[in-house]
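Asks: Note that the protein sequences, when read in sequence, are chains H and Y. Residue 62 in the numbering used here sits at position 62 of the first sequence; the count goes up by one each step and never skips. In the numbering used here, each number is its position in the second sequence, counted from 1, plus 137. A virtual CB, placed ideally from N, CA and C, is assigned to each residue, including glycine. The structure that follows is given in the form of structure tokens.
2 protein chains.
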Amino acid sequence: MIAETAREKITESGLKFTHQRMVVYNALQVSADHPTAEMVFAKVKEANPSISLGTVYKTLENFVKAGLLQKFTDDSGVMRFDPMLETHSHLYCTATQQIKDYKNPELELLLKKYLQANQIEDFEVEEVSLVIKGKTK
Amino acid sequence: MIAETAREKITESGLKFTHQRMVVYNALQVSADHPTAEMVFAKVKEANPSISLGTVYKTLENFVKAGLLQKFTDDSGVMRFDPMLETHSHLYCTATQQIKDYKNPELELLLKKYLQANQIEDFEVEEVSLVIKGKTK
DNA sequence: CTGACTGCAAAATATTTGCAATTCG
DNA sequence: CGAATTGCAAATATTTTGCAGTCAG
């Protein structure tokens, strides 16, 4: 049951479980795009009309800190939230501005190995973020 | 002479040459970090105290459109401007939030070749943007 | 019961826009 | 001269913050 998964994940991560957090959590799990705070707010209002935008912002920020979400900013400077936690790349369509996840362990390994073999001067690599820009066919 | 180079580059790119554009252009050429519009404004005011922030924004945007600069947004959603036009990666220090250019043709070629050999379904790659996160030693 | 969370509104930040005055070619 | 550019201020957009009231544990 999806409500149960949400409750587990939220409490496991050390956060208090609330109705607002549950609907925000569920909205993100089913999102294919990488929604902005406003997009999450719009979607979540259907299930919980009294939720406020400020709460959505705070909730998303708390989820990121708790490790339930990742966030990044898109080319126009707006924050995007991503429920995929494993290492992955992003495909950015320069025509439609859509952002899709692209998971390719082989590519990730290739990069990781290269950076291990070829140390960068005065820099200790923690993680790598790859954005592939192009057009959806 | 630096003023001459600026004039050439600006006019060659099809833009009208103005004093404001010259100082903005020169400020970026000598910048090592990837300045924000505000940072450019602060630096440029020394050479041209009457310049306005709006003009700096418009100038930077025009330069990007004309192909004289690249821009991207950092993790906090602020726009950064980069005078390096060739393909390159960025080193992002998670401790100091500093962003440095990292040019490595071998790595770029490796990525390019991999993506050529392994086509992504329904997607035509145009360019690749790599951000390496970690800590400056 | 108590600290954490919510809703609301105001504030802070970053960027864009409109327009009259000015400047480049 | 005419079109493009500038400076300034007001408008937008996004995100953060403060605080009084509410709720989960």
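Hey, how far is the Cα of Lys240/Y from the Cα of Gln29/H?
Replies: So the alpha carbons of these two residues sit roughly 37 Å apart.
Asks: Using a Cβ cut-off of 8 Å, which residues of the stretch 202-228 of chain Y contact any Cβ in chain H, in chain order?
Replies: Cβ contacts with chain H come from Phe209, Thr210, Asp211, Asp212, Ser213, Gly214, Val215, Met216 and Leu228.
Asks: Please report the Cβ distance between Ser129/H and Pro83/H, rounded to the nearest whole angstrom; I am assuming they are in contact, meaning their Cβ atoms lie under 8 Å.
Replies: Actually they do not touch by this definition, with Cβ atoms about 17 Å apart.
Asks: What residues in its chain sit with their C-beta under 7 Å from that of Val78/H, if we drop five residues either side in the sequence?
Replies: Hits under 7 Å: Thr36.
Asks: Please decide whether Lys270/Y counts as near chain H, where near means a Cβ-Cβ distance under 7 Å.
Replies: At least one chain H Cβ lies under 7 Å of Lys270/Y.
Asks: List the residues of chain H that Lys274/Y touches, going by C-beta distances under 7 Å, in chain order.
Replies: Here the neighbours are Asp122, Phe123 and Glu124.
Asks: Does the beta-carbon distance from Cys93/H to Thr136/H come in below 7 Å?
Replies: Yes. Within cutoff.
Asks: Could you work out which residues of chain H lie near Tyr251/Y, taking near to mean beta carbons separated by less than 7 Å?
Replies: Neighbours of Tyr251/Y on chain H, chain order: Leu107 and Leu110.
Asks: Under 8 Å: do the stretch 42-49 of chain H and the stretch 4-15 of chain H share three or more Cβ pairs, one atom per stretch?
Replies: Touching, no, given that fewer than three Cβ pairs across the two stretches are closer than 8 Å.
Asks: Tell me whether Thr309/Y is buried or exposed, calling it buried when 16 or more other Cβ atoms sit within 10 Å of its Cβ.
Replies: An answer regarding residue 309/Y cannot be provided, because it is not within the stretch 138 to 274 covered by chain Y.
Asks: Glu53/H and Leu60/H look like a contact to me (Cβ under 8 Å); what is the Cβ gap, rounded to whole Å?
Replies: A small fix is needed here, since residue 53/H is Leu in this sequence, not Glu. The pair is not a contact, with the Cβ atoms about 11 Å apart (cut-off 8 Å).
Asks: From Phe41/H to Val23/H, what does the alpha carbon distance come to, in whole angstroms?
Replies: Approximately 10 Å between the Cα atoms of the pair.
Asks: Verify whether the separation of the beta carbon atoms of Thr73/H and Thr210/Y is less than 7 Å.
Replies: Contact flag set, yes.
Asks: Provide the residue(s) that pair with Val64/H in DSSP beta bridges, ordered along the chain.
Replies: None; Val64/H has no bridge partner.
Asks: Which residue from Arg80/H, Asp75/H and Gln116/H puts its Cα closest to that of Asp33/H?
Replies: Looking at the Cα atoms, Arg80/H is the closest of the given residues.
Asks: For a contact meaning CB atoms closer than 9 Å, what does Tyr239/Y contact in chain H?
Replies: Those within 9 Å of Tyr239/Y in chain H are Ile120 and Phe123.
Asks: Alpha carbon to alpha carbon, what distance is there between Val262/Y and Leu111/H?
Replies: Whole-angstrom Cα-Cα distance: 18 Å.
Asks: Do you know how far the Cα of Val181/Y is from the Cα of Gln157/Y?
Replies: C-alpha separation (whole angstroms): 9 Å.
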